[in-house]
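Read the structure below first, then the notes.
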Amino acid sequence: MARHKSTEKRERQAQKKRLMNRSVKSKIRTLTRHVIEALEKGDTETARKALAGAVPAIDKAGGKGIFHKKAASRKVSRLVRKVSAAKA
144 MARHKSTEKR
154 ERQAQKKRLM
164 NRSVKSKIRT
174 LTRHVIEALE
184 KGDTETARKA
194 LAGAVPAIDK
204 AGGKGIFHKK
214 AASRKVSRLV
224 RKVSAAKA
């Protein structure tokens, strides 16, 4: 248990941040899954539209520290590469 007011506050803040981060990560997983599912069906147009929604969300999460910036960049790069390969 926390013994100091500051420790109690940090625990409250950490819990609030963890819940927020969890919802953002879940949303990004969902958006990524939409891109992958569209590619598996062979629907490149839908995949491209899903990608247009996923990329800004991933970049925003990287900018806010939910993911490391380079991890976010890597996620975007892999998705874009998959969509580009499907078009070709």
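Count the sequence shown with my numbering and you get residues 144 to 231, in order. Ideal Cβ positions, reconstructed from N, Cα and C, are used throughout, including at glycine. Remember, predicted model here, so these are calculated numbers, not experimental data.
Original post:
Cβ of A200 within 8 Å of Cβ of L174?
Top reply: The Cβ-Cβ distance between A200 and L174 falls below 8 Å.
**OP:** Note down the Cα distance separating H211 from L194, rounded to an integer number of angstroms.
**Re:** Their Cα atoms are separated by approximately 20 Å.
**OP:** Please determine if the stretch 150-169 and the stretch 180-190 are in contact, where contact requires at least 3 C-beta pairs separated by less than 8 Å.
**Re:** As far as the Cβ criterion goes, the stretch 150-169 does not touch the stretch 180-190, which means the pair count is below three.
Subject >> Cutoff 6 Å; reference K230; Cβ partners in own chain excluding five residues on either side >> reply: Result list for K230: T187, in chain order.
**OP:** Report the option in S227, K207, S149 whose CA atom is closest to the CA atom of R191.
**Re:** Per the Cα distances, S227.
**OP:** Determine the closest residue to K225 out of V178, K159, E151, R153, with distance taken between C-alpha atoms.
**Re:** Looking at the Cα atoms, V178 is the closest of the given residues.
Original post:
What do you reckon, are the CB atoms on V167 and V198 nearer than 8 Å?
Top reply: Between V167 and V198, the C-beta gap is not smaller than 8 Å, which leaves the two residues out of contact.
Original post:
By Cβ distance, which residues of its chain are closer than 7 Å to T189, with the 5 residues on each side in sequence left out?
Top reply: By the criterion of a C-beta distance shorter than 7 Å, T189 is surrounded in its chain by A181, once the five residues flanking it on both sides are discounted.
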